[in-house]
Structures are given as C-alpha cells and as structure tokens.
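Scroll down for the structure; my scribbles are underneath it.
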Amino acid sequence: MREIMVRAMYCEMLGYDASFTYIHAIKLAQQGGVLEKRVGYLAVSLFLNEGHELLLLLVNTVLKDLQSTNLIEVCMALTVVAQVFPKDMIPAVLPLVEDKLSHPKEIIRRKAVLALYKFYLIAPNQVQHIHAKFCKALSDKDPGVMASSLHIYLQLIRSPDSYKDLTGSFVTILKQVLGGKLPVDFNYHSVPAPWLQIQLLRILSLLGKEDQSTSELMYEVLDESLRRAEMNHNITYAILYECVKAVYTIHPKAELLEKAARCIGNFVLSPKINLKYLGLKALTYVVQHDAKLALQHQMTIIECLDHSDFTIKRETLELLFRITNAQNVTVIVEKMLDFLRSCNDEHTIIHLIGKVAELAEKYPFNKPEFMNTLLPMKYNSWFIQTMNDVFSIGGDLLQQDDPNNFLRLLAEGSESKEEDDQLRLYAVESYLTVLKGHTSHLPQCFLQVMSWVLGEYAHLQESVDRREVIRLLTQLLDQRSVSSETRVWILSALTKIPEGQTDLILDLAESLSSSQDTVLRQQAQELRHLSQDSQLREFKPVAVVCVFSSQVDSSLSFLDGFVSEALAAGAAPYKPPHQRQEELCEDRALNLEPYSFSLPVSLSSCSITDRQSPTLLSVSSGLSGNSAELSQKAGSSTLILEGVKRVWGKDGYLPQKEATAPPVDEPSAAVQPASQQEAAERIEPRPEPSTQNQDKQQLASSLFVGLGVGSSVSLLGKSEAPPPRFRKKPRPHESSSSSGTSKRSSDSSSRSSRNTTDSFLYGSFPEEEPATSISTFDHTPKSTTANGLSQNKDTKEDRHANTSQILGGDMVIVRPSTIQDKHPPSVSSDLTALLPADLKDLPHSDVISLTSDPSLSLSSCRLFRDEALLLVIFISNCTETVIKDVAVQLTLKHKHQQMTLKNFFLLQVFEFMRLILMNSILSVTHRPLVVTTEEYGKLWLSLSHDVKQNLKLLTDAGDPLRTTLNALKDALQLHVVDIIGSEGIVACRLLSGAPCLLHCRVNGAALAMWLRSPHPALPDFILYHCQRALAHH
Amino acid sequence: MIKFLLMVNKQGQTRLSRYYEQVELGKRASLEADVVRGCLARRKEECSFVEFKDYKLVYRQYAALFIVVGITENENELSIYELVHNFVEVLDKYFSRVIMFSLDKVHIILDEMILNGHIVETNKTRILAPLLALDKMAES
Chain E
1 MREIMVRAMY CEMLGYDASF TYIHAIKLAQ QGGVLEKRVG YLAVSLFLNE
51 GHELLLLLVN TVLKDLQSTN LIEVCMALTV VAQVFPKDMI PAVLPLVEDK
101 LSHPKEIIRR KAVLALYKFY LIAPNQVQHI HAKFCKALSD KDPGVMASSL
151 HIYLQLIRSP DSYKDLTGSF VTILKQVLGG KLPVDFNYHS VPAPWLQIQL
201 LRILSLLGKE DQSTSELMYE VLDESLRRAE MNHNITYAIL YECVKAVYTI
251 HPKAELLEKA ARCIGNFVLS PKINLKYLGL KALTYVVQHD AKLALQHQMT
301 IIECLDHSDF TIKRETLELL FRITNAQNVT VIVEKMLDFL RSCNDEHTII
351 HLIGKVAELA EKYPFNKPEF MNTLLPMKYN SWFIQTMNDV FSIGGDLLQQ
401 DDPNNFLRLL AEGSESKEED DQLRLYAVES YLTVLKGHTS HLPQCFLQVM
451 SWVLGEYAHL QESVDRREVI RLLTQLLDQR SVSSETRVWI LSALTKIPEG
501 QTDLILDLAE SLSSSQDTVL RQQAQELRHL SQDSQLREFK PVAVVCVFSS
551 QVDSSLSFLD GFVSEALAAG AAPYKPPHQR QEELCEDRAL NLEPYSFSLP
601 VSLSSCSITD RQSPTLLSVS SGLSGNSAEL SQKAGSSTLI LEGVKRVWGK
651 DGYLPQKEAT APPVDEPSAA VQPASQQEAA ERIEPRPEPS TQNQDKQQLA
701 SSLFVGLGVG SSVSLLGKSE APPPRFRKKP RPHESSSSSG TSKRSSDSSS
751 RSSRNTTDSF LYGSFPEEEP ATSISTFDHT PKSTTANGLS QNKDTKEDRH
801 ANTSQILGGD MVIVRPSTIQ DKHPPSVSSD LTALLPADLK DLPHSDVISL
851 TSDPSLSLSS CRLFRDEALL LVIFISNCTE TVIKDVAVQL TLKHKHQQMT
901 LKNFFLLQVF EFMRLILMNS ILSVTHRPLV VTTEEYGKLW LSLSHDVKQN
951 LKLLTDAGDP LRTTLNALKD ALQLHVVDII GSEGIVACRL LSGAPCLLHC
1001 RVNGAALAMW LRSPHPALPD FILYHCQRAL AHH
Chain D
1 MIKFLLMVNK QGQTRLSRYY EQVELGKRAS LEADVVRGCL ARRKEECSFV
51 EFKDYKLVYR QYAALFIVVG ITENENELSI YELVHNFVEV LDKYFSRVIM
101 FSLDKVHIIL DEMILNGHIV ETNKTRILAP LLALDKMAES
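Heads up: the sequence lines are chains E and D, in that order.
Positions 1 to 1033 (the working numbering) are the ones given, in order, by the first sequence.
Positions 1 to 140 (the working numbering) are the ones given, in order, by the second sequence.
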C-alpha cells in the first residue's frame, strides 16, 4: 500500500489526477504501521489543501496519534497539523497541542510551537489566549524551540507596539548566536545558525522602525553582526544583506550607516554575480533613505545597466527608478524604454511600463529644471513622445489607469492655460503624424487615446484642415484590426469635432448605419442628427462642459425638487428598508384597531413606489432626450468622470519650490560627478578604451545629476529623493464623496462650537488661556451702555404671537456689579448641587451672586481643578417668560470676552449643564405644539432622529396613560394630541420651531416612549425631562 | 516566503515538487514548464535569481539536477540559495552519496526543513532525526 501511495504521489506530481487515492491516503494514515502512517500523512499533506472535506476524516486519527505514547507518532501528527488542518476543528486539538508545549522532548515542543503558528495564521483569535506560552517557548532552553517561536513573533511584531519590551530578549539571543553559544551542529559552513540570525535581524528591524529608544538597544549587536560577517561565504553575505537592511530601517545612527554603506560597496563591487545582484537590491532599498549612496557606485550601476544578465539589468532599472529626479528623468526613462523594447516578458513589461508612465507624468511640468538637463529637449515633445512610446510598447497590456491618468493630465492642465494648450497642441500634431503613418500595428489603447485627444483638441491646431482630421479618423474606422470599443471612441471624437464637413459626416453615418454593432449604429444616427441640426449642435459645447465638470452626486440632490413635490402630493418619505421593516412589524401589532396616522405608512409606501416609478422613468427618459450628447459621450465620459477632480498633487507637476535654485550650467553639473567617478575608479581601475569610458561618464553624469553630494552641486538635496509612490494614485473616494466630507466638516464645526461653549463655561478664570473667539455677537451696541444698571427692555412674550419677531431685536442686558466686590452677597449654596456630575466633586468656592435684575440673575462659582481654575456661571431666569438670547460679557482684568447664547446654543448648554438648568433656571425652552392627529402623522414620518425608552407609568389613577400624560403636560408644557386606547401622542416644539413628537404606548407597567425630532439632541433632552417629571410626581 | 520547491532534471522532467501555496493541479504543469524554461535558458555566468511573474526564482544546479525555489519579493535570495545547498547536503548525508531517489523520504526530509513556506530547521542532525527513528522502527 505504501508503495502504491508513493506512486500516486508521483502521478500527481506529473500532473495526472489521482483524486481516487485520497481516501486511501487517509486510510493509510489511520491504519498503517509507523512508516505507512508517515507516508499516509505525507500523501494527505500533498494531496489535500486546507478546505478539503476529506480532511475531517483525519481529525480522529490526529487526535489518537497526539495521545499516543509513541513519540514518532506524536511527531507525525504534529507535523501534519502544522501543514493542513481544517480550521473548524482547531478547538478539538488545541488543548492537546498546548500540552505538548511542555513535553520533555525538544522535537515535540518545537513541532507543537509550529502547529500553533499554523493555527495563528489561519485563525488568529483562537490562539489569542496562549500568547504567554509563546513567550515561554521563546525562552525555552532548546535553541530549536526558541527558533521556531520566532516565526510567530515575526508575524506578531508586524504590529510592533505591544512587543517592544521583548527587544532586549531578541538582542540577547542574537548576541548569543553570534558569540557561538549554540551547539556546533547548528553551524552551517562554520557560520552559527545563519537562518536564525536572518530571522532575528528581521524581527529587530521591525521593532526598531521609527523608534529611537528601541533602536538604541540594538546598535551594539548590529555593529557586532556587521563585524562578524567578514568571512567570505555566500551565507555571510546573506546575513550582511539583512543586517544592512535592518540598519537602514531602524532609527539611523551615523556610524552604523557608514559601515553598512561600506558593506554595500563590497557587494556591488564583487565579481560574483549573485552578490552583485544582492548589492543592487540592497542599494535599491537604501537609496530610499539616502539617495546619495547611489553616487558612490555610479560606475558600477552604469555597467550593470549594460549587463548581459536580464535580472541584473532589471534590478538596476528598479534602482534608477528610485533615484529619479526632475533632472535625470529623461535619461532614465530613455533607458527604461530601451530595455522595454528588447524585452518580451509580459509581467516585466506591465511592471516597468507603469513606472515609466509614472515618471513621465510626475515630472512633465517642471520646465525650468528641465531645461538644465544635459539633453535639453523641449519638454512637451519629450513628454508626448515618451507617452507615445509607453502606449505603443505597453499597448494593451497597460493598466487602465495609465491612459486615464495621461488624459486627465492633458485635460486638467496646469496653472497656465498657455502651457497646457501648447502641450495639447503638440499632442495633436504628434498624433496626426502617427496616424498618417502605418497604423494597423498600433495597440487599441493608443488609438483610443489619440482619438480622444484629437476630438477634444484638434480645434487648437489652426493649420490643420478639419477634413484631414476627420479623414484620418474615418480611415481608422475602416480598419479591420480596430476593435469595436475603439470605434466607439473614434466616433465620439468625430462628434466633438466642430461643424462644417457635413458631407463627410453624412457619408460616414450612412456607411455605419448598417453596421452589425448596435452601439455603433446608434452613434452613427446621433452623429447624423447632430450634423444636420445646427441648433442642436450649438447646444453641444454646453453639454461638453457639463460632462466635463459633472461629478457623481451621491446625495442625488438634483432629485430634491422631485422628492419635495412628491411629498407635497402626499407621498410618504423614503425610509431605509430596515426601518420600513420595523414599522411594518409594528403596524401589524398595532393594526387591531384603526389608527389613522401610523397606518398610512405601509399603504403609502406601496403607493409611492407605484406612483413614483413611472415619473422617475419619464424623468430619466426626458434627460436622455434633452441631452443626446450626454449619452453620446458615454464612451468618453466613463473616462472623463474619473478625471473630474484634480487628482494630482499640486507639486506633482507644478514647478517645484526648488525651481528657484540657481540654474546650473552644464559644465559644473558634469564636473562634479566626474570627480566622483575618479574616486570610484581609484577603487577599482578599469582598463577600458577611453572613448567608451567617456560615454559612460557622460551617462553617469546625466544619470546622477541632482543627487549631488557635497557643496558644489547640491541642487535638490534630499528633498528630491523619490517622492512617495502614492502620489500618483488617483483618489476616487474623495472626488465621489464630496458631500460626505462636507457633512463631516459641518459635524466638526458643530463640535467645535460646542467646545467653545465649554471653554466659555469652564474657561479658566484669569488669563490662563487666550480667549477662544466667538465672534458671532456682532450686534452689541448696547452692551457698554448703562453703568452698573441693567437695562431691561420689555421681554414679555405673547405665546401665540410670532415669537421670533419679539425675540429678534430685544435683549436683556445684565451688568454685573464688579467681581472684585469685597462683600458679595452670598447666595444659597444649593446652586452648587446643580453642577454637572464631573465637576461636583471638585473643591469650590462659595456661590457668589454677581448681579440680578427682575428678569435674570447671575451668580458664579470658582472650581479648583488640578490644572485650571474654572469659573462656572449660573444664569437664572427669574421670570415666567422665556428669554431667547443671553449675552454674557465677561471682563477679566485685561481680557474681554463676549458670548452669545442663542437658543439652539442653549440646548447644548443644557446637555452640558442639565442639572443646573433643570431647576427651572431658564425654565422652559419648549412650548406645546398644537397639531391635529393627521398633521401629527405626517410630521412623524418626516422626522429623522428618534429615541425609544420605557418610562415609569403613573398607576395611581384609573386611567394610567391619561394620568401620566397629563402629568407630563403640566410639568413640561406638552400638547396631548390624542389618546386612543392604550396609545397616546404628544407634541411640543422648541421656541425656534423644531418640533418634537412623542408617541406613548402602555406596555405592561411601563410607558413605552418613542420620540422623534429633526433636532438630534432634542429627543434625549425631552426624554430626560419626562423622566424627571415622572420621578418627581 | 517560499512558494514552491521543484527538483527538475536537465530534460525538464519534474522529479519532485512541493507547493506551499495552493496551485491547481492543472496549472502546476504549465507553471513548472515555464519555470524550467526560465532557468535552463540561463548561462553559467548569469546570476542564480530570475524574475518570474510577480515573484522570484532561485535556482541551483547539481550535475544534471536543478533545484528551483519560488520566493516572494521580501525573501532574501541568497539565504534561499544557501538553503538549497543545505538541503542537498542533508540528502547527501542521508542517502550517502547515492541518490536512490525515493520520493517519500525526500519529502519527509523537506517537511522537516520547510513548513508552510518558512524555514523551520536547518540543523542537519535534527532534520534527519525523525527519519532515522522511523527507519529504525521499520527495521525492528
């Protein structure tokens, strides 16, 4: 059987399906002798992958073997658990595996740790509780167990914060390894446990990243590690490489960096090709941190660029990509394109072409620097030419992003319109030239780009006949190789080319109207109509602009009018499905008796869909009818819509700040790197023909310009180090959710207003902090008038009159008698009982009455906090009437602060100082709202913020609901709209007009209260008052 | 991370394959063919690392046998290169210079060294310990 299983494995390996043997593999693992068992397990791990259902049959075997007394069986079971094990069955074996962590045999402990590692990988939360055991494994006396626990830590430390304290342990372990404390059989070619060292170095670099104090712990051991690795063997270089990476990842230390840089030198200058490769890779990593390092090795880099080895070449290009700056971009891009032309590996092309496009797009607009490069070229032509190359080489392998970004760049342009037009003009010219040539080999995506540009910008080019453009584009249409998608692009380009030439267009439309492709046929029809109807055509430019500037309006605000109309016509407002569901359920429970206002929900929501859908349809069809161009553009608009936002970071293509750097003349730029080369050559002299050498030096100077060290040509310094890669990425999220952002900002503004309120109320007393400005109070001419006397204008309110009229202009001004008053009249101190809970326990001064008049009284109290002195001002309303605005002017020695409490403002104060205000200080902020049941029903549906809670029901009377509601009505000035059976509806409103509706239902001994209001805080507020009122009752 | 390990002869026939990442059976053959083509085409003086799709190959030749390891970008190529040698040394030690190719044993050895794409043991004595114990039990 064992032999047969091995053959089955062989079959699978050769690619033949041997699934019929899977079950036998499991059987073999269950029944066989030791060797058979092992082969059975092996076959299982080879044949079955994690989700396979047959694995469940293995669980029992594994369990049995884990409990076996035979070490070898336990060992096998642990191995297979660490390879494949069904995720759901982990709890079954977990305790057994945990037990094995304290097994006397090291191999069992080691395998148990590895099995746990596997569990961690597939189901991290199931092993969360045994992190302490990992720690124990780390400090195991056997190095093998310790080493296997490192795998877990390498995973865990990817979020390093909670493991910083282990740094010391890792450093110690590495030190011991370096010091040769491990048994000799861990050595590999007399290097102590090299793979373990590599693992440790990785862990350390993760830990030390951006953390100075942790990094300091490891400087010493890294230094030692660098020193130890002088032996000339591959594996020491592998360690060195890891070490260099670590040195450059952690918080930098100059001395170490220097040593690491020297190591890299050894790598790249090595005659061994593998080391050279690794050196380049290290350099690629390192130049991200310090671009100057590339300078030291420029000649080597140049050589590698021309190396016969594909891998080396590619790695070099990767390195060059990282050191690109505005000055060497032309050369580097050229090198990359050269490479791409000779390359035929699909993956490499996709990878590199994206980078070329990224580079070309990153630097096209910093002209001033551009002119300084050694290969002065008109940057427009260079950019377009490069992109042409990108498109023709990359062709249809390109990611959709690249052409899109390019077109966006063209469309959005930079600051200056003139420059943009020049660029566009050049693009048009160059494309016309391309199209005049042989076009059949061009990739579709290039054709699409060209047709879009021609359609959009051909009019910029005065000298070219429109007919010529149209002819060229039409020619494309006739080609067989052109895909139908591209045809759509071309047609939409043709629609964009302005009037005249009706005959050509008509011909074209005619020929296409019999096309098999319906999309094309439709476009052709549209084209024909457009060219015949001049009125429609004039309409078009507007539409173009529209398409261009349109954004995805996720809030669908353009439907608002429609919605409000529908609402006015009696339709129910839209509700999210879950809410609807909820209400439907409720309705079912309620509908035993007719209930006029909540019943319509289901009905009207049905009717609204009925009524709405036809209207909606007609609206949309009207839309498409009105703007035929809009739909015509569909092809191009998919692209343009993305390009609506200015995705490019400003400095991505605008002249950079460094542009002000003094223009560098060629010689000095050339001289500097040349001296560098001399240095490089002194290290390793090369007998090369001088002309070739000169070429290389030329190349070097052009490649490394801008990376200059030292004083002479530090043009750009470090700031020119490769910019973060994310810059290029478009940000569709931001563009599409502008409404979201605005909401957020308004959120934050409201929060900030609250904060300022807080800071006023508890603002530290003397000059602790500068006055945060609330400058909304700009109409206070009277505030400085009376001297000590309060002016009291008539604030009597007519409850039924329009309140805002009265409250608009009138104001009570209370001037305090000066605070420094020696003997302030002490007020009954129970005011302090009204302090908010978080301030209650603070030591406080007596409450001092500042001033009072018939309508308002002010008192204050100082609170002593650790870090600040707080001033609490109590504002009490002495009258029965309502005060709308309160202006408090605080004069604190030299500070002058003012604040206004508007009505809604007060509400926030309420939230904050509920206790103070509760005691009818500013007695009532809301008024009953007199509505009919029907109005209530409508209003109810339109409100959004709701709160539900059960309240105490007053049960002392015959009709508890009525009693309770009446009690609330008396206490809180509510309007009881209606009481039907066990339910009642109540309404009130804020003085500002915001209503709050209460829906009460007797639910056993409790009152289920459901509040709704447009104001987010109001339901809570009212609910609180209700609770209190009922409690007091 | 190690994605797979292949042993291929000069004729391009697979002698052993072990995948640490799920690859469909049907795709393995074509992947192996591509890999072998990529490696066999290279000359002696070129470096032992090849870019392959979005990952890298590290290969090493022993007489007529190629060992190819597919690794991710973040892995240290040279350490893998040496790991291959370590592996071969272990095989050498166990089969004492005569590679009597028995698939199962090589797999068992490999399982001791690499697990889930990570290097878990490089100590030769320890790698061989379970297998030797197994052999002993089978004999008795």
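Quick reminder that beta carbons are idealized off the backbone N, C-alpha and C, glycines included.
Under 8 Å, Cβ to Cβ, is there at least one residue of chain E near SER79/D?
Here residue 79/D corresponds to residue number 79 of the second sequence, with the count starting at 1. By this cut-off, SER79/D is an interface position.
Is it true that the segment 73-81 of chain D meets the segment 66-75 of chain E, where meeting means three or more beta-carbon pairs spaced less than 8 Å apart?
no
Would you check if the distance between the CB atom of ALA25/E and the CB atom of VAL6/E is smaller than 8 Å?
Here residue 25/E refers to the residue found at position 25 when the first sequence is read from its first residue. Here residue 6/E refers to the residue found at position 6 when the first sequence is read from its first residue. Against a cut-off of 8 Å, the Cβ pair of VAL6/E and ALA25/E comes out as no contact.
Look at the Cβ atom of ILE108/E, then the Cβ atom of LYS118/E, and state whether they are nearer than 8 Å.
Taking the first residue of the first sequence as position 1, residue 108/E is located at position 108. Taking the first residue of the first sequence as position 1, residue 118/E is located at position 118. No.
When the Cα atoms are used, what is the spatial distance from LEU40/D to LEU305/E?
Position 40 of the second sequence holds residue 40/D. Position 305 of the first sequence holds residue 305/E. Cα to Cα, LEU40/D sits roughly 23 Å from LEU305/E.
Mapping DSSP to helix, strand and coil, what is PRO724/E?
Numbered from its first residue, the first sequence carries residue 724/E at position 724. The pLDDT assigned to PRO724/E is 38, lower than 50, so where the model puts this residue is not dependable, and the model offers no usable value.
Using CA atoms only, rank isn't needed, just tell me which of SER19/E, GLU510/E, ALA524/E and ALA254/E is closest to ALA493/E.
Along the first sequence, read from residue 1 onward, the residue named residue 493/E stands at position 493. When only C-alpha atoms are compared, the closest one is ALA524/E.
Taking VAL90/D and LEU128/D to be in contact with their CB atoms under 8 Å, please state how far apart those CB atoms are, rounded to whole angstroms.
Translated into the one-based positions of the second sequence, residue 90/D becomes position 90. Translated into the one-based positions of the second sequence, residue 128/D becomes position 128. Rounded, the Cβ-Cβ distance is 7 Å, consistent with contact.
Would you check if the distance between the CB atom of MET1009/E and the CB atom of LEU998/E is smaller than 8 Å?
Within the first sequence, numbered from 1, the residue matching residue 1009/E stands at position 1009. Within the first sequence, numbered from 1, the residue matching residue 998/E stands at position 998. Their beta carbons are under 8 Å apart, which means MET1009/E touches LEU998/E by this criterion.
Is any beta-carbon of chain E found at less than 8 Å from that of ALA165/D?
Because chain D spans 1 through 140 in this model, residue 165/D falls outside it and cannot be assessed.
Does any CB atom of chain D fall closer than 8 Å to the CB of LYS118/E?
In the first sequence, residue 118/E corresponds to position 118, counting from 1. Cβ-Cβ to chain D under 8 Å: yes for LYS118/E.
Taking its Cβ as the centre, do 16 or more other Cβ atoms sit within 10 Å of THR324/E, making it buried, or is it exposed?
Along the first sequence, read from residue 1 onward, the residue named residue 324/E stands at position 324. So THR324/E counts as buried.
Taking PRO928/E as the reference, which of ASP959/E, THR964/E and ALA971/E has the closest Cα?
Looking up residue 928/E in the first sequence gives position 928. Of ASP959/E, THR964/E and ALA971/E, the residue nearest in Cα terms is ALA971/E.
Find the nearest neighbour of THR933/E within the set LYS969/E, THR964/E and VAL986/E, judged by alpha-carbon distance.
In the first sequence, counting from the first residue as 1, residue 933/E sits at position 933. Cα-wise, what sits closest to THR933/E is VAL986/E.
Could you tell me how far apart the beta carbons of ILE490/E and LEU477/E are, in whole angstroms, since I believe they sit closer than 8 Å?
Counting from one through the first sequence, the residue named residue 490/E turns up at place 490. Counting from one through the first sequence, the residue named residue 477/E turns up at place 477. Contact check for ILE490/E and LEU477/E: beta-carbon distance about 6 Å, within the 8 Å limit, so the pair qualifies.
With a CB to CB cut of under 8 Å and the five nearest residues on each side skipped, what residues in its chain are close to THR386/E?
In the first sequence, the residue the question calls residue 386/E occupies position 386. Within the same chain, and ignoring the five residues on either side of THR386/E in sequence, the residues whose Cβ sits closer than 8 Å to its Cβ are VAL333, LEU337, VAL356 and ALA360.
Report yes or no: is there a C-beta of chain D within less than 8 Å of the C-beta of ALA659/E?
As a first step, residue 659/E is located in the first sequence; it is residue number 659 there, counting from the start. Unreliable placement is indicated for ALA659/E, whose pLDDT of 36 sits below 50; the coordinate value is still reported in the next sentence. Interface criterion not met: the Cβ of ALA659/E is under 8 Å from no Cβ in chain D.
What residues in the segment 77-90 of chain E have a beta carbon less than 8 Å from any beta carbon of chain D?
Legend: CB atoms of the segment 77-90 of chain E lying less than 8 Å from CB atoms of chain D belong to residues THR79, ALA82 and GLN83.
Grab me the residues of LEU454/E's own chain with a C-beta within less than 7 Å of its C-beta, minus the 5 sequence neighbours each way, in chain order.
The sequence position of residue 454/E within the first sequence is 454, counting from 1. The residues are VAL428, TYR431, VAL469, LEU473 and ALA493.
Please report whether the beta-carbon of LYS10/D lies at a distance below 8 Å from any beta-carbon of chain B.
Absent from the structure is chain B; the protein chains it does hold are E and D.
Within chain E, the residues that LEU132/D reaches when beta carbons sit closer than 8 Å
Reading the second sequence from its first residue, position 132 is the one you call residue 132/D. Neighbours of LEU132/D on chain E: none; closest Cβ ~11 Å, over 8 Å.
If I measure Cβ to Cβ from PRO95/E and keep anything under 6 Å in the same chain, skipping five residues before and after, which residues do I get?
Numbered from 1 along the first sequence, position 95 holds the residue referred to as residue 95/E. Nothing listed; no residue qualifies.
Just mark CYS11/E as buried or exposed, buried being the case when its beta carbon has 16 or more other beta carbons within 10 Å.
Translated into positions along the first sequence, residue 11/E becomes position 11. CYS11/E is exposed by the Cβ-count criterion.
Going by CA-CA distance only, name the one from PHE134/E, PRO160/E and TYR22/E that's closest to GLU210/E.
Your numbering for residue 210/E matches position 210 in the first sequence. Ranking PHE134/E, PRO160/E and TYR22/E by Cα distance to GLU210/E puts PRO160/E first.
So what does VAL58/D bridge to, in DSSP terms?
Within the second sequence, residue 58/D is the residue found at index 58, counting from 1. Beta-bridge pairing links VAL58/D to PHE49/D and VAL69/D.
Just to confirm my understanding: we take THR21/E, look at its own chain, exclude 5 residues before and 5 after, and list those with CB closer than 6 Å. What are they?
As a position in the first sequence, residue 21/E is number 21, starting the count at 1. Only ALA8 meet the Cβ criterion.
How is ALA133/D classed by DSSP in three states: helix, strand or coil?
Counted from its first residue, the second sequence places residue 133/D at position 133. ALA133/D: helix per DSSP, three-state reduction.
Have a look at LEU14/E, ALA260/E and SER942/E and flag the residue whose alpha-carbon is nearest the alpha-carbon of VAL563/E.
Mapped onto the first sequence, residue 563/E falls at position 563. The shortest Cα separation from VAL563/E among LEU14/E, ALA260/E and SER942/E belongs to SER942/E.
If I measure Cβ to Cβ from LEU174/E and keep anything under 6 Å in the same chain, skipping five residues before and after, which residues do I get?
Taking the first residue of the first sequence as 1, we reach residue 174/E at position 174. Excluding residues within five positions, the ones whose Cβ falls inside 6 Å are LEU200 and VAL221.
So for ASP610/E, helix, strand or coil by DSSP?
Within the first sequence, the letter at position 610 stands for residue 610/E. Confidence is the limiting factor: at ASP610/E the pLDDT is only 40, short of 50, which leaves the residue's position unreliable, though a coordinate-based value still follows. It is helical.
If you drop the 5 nearest sequence neighbours on each side, which residues of the same chain put their C-beta closer than 6 Å to that of SER483/E?
Here the question's residue 483/E lines up with position 483 in the first sequence. Once the five neighbours on either side are set aside, the close Cβ partners of SER483/E are GLN444.
How close, in whole Å, do the beta carbons of TYR188/E and THR122/D come, if the pair is a contact with beta carbons under 8 Å?
Along the first sequence, one-based indexing puts residue 188/E at 188. Along the second sequence, one-based indexing puts residue 122/D at 122. About 6 Å; that satisfies the 8 Å criterion.
To test your reading of the DSSP string, which unbroken alpha helix (DSSP H) runs of 4 or more residues are found completely within the segment 218-271 of chain E?
234-249 and 254-269
According to DSSP, simplified to helix, strand and coil, what is TYR163/E?
Along the first sequence, read from residue 1 onward, the residue named residue 163/E stands at position 163. Note: TYR163/E maps to helix in three-state DSSP.
Output, in chain order, the set of chain D residues within a Cβ distance shorter than 7 Å of VAL39/E.
Looking up residue 39/E in the first sequence gives position 39. ASP104, listed in chain order.
State the DSSP-derived secondary structure class of ASP560/E, mapped to helix, strand or coil.
Taking the first residue of the first sequence as position 1, residue 560/E is located at position 560. Three-state DSSP puts ASP560/E in a helix.
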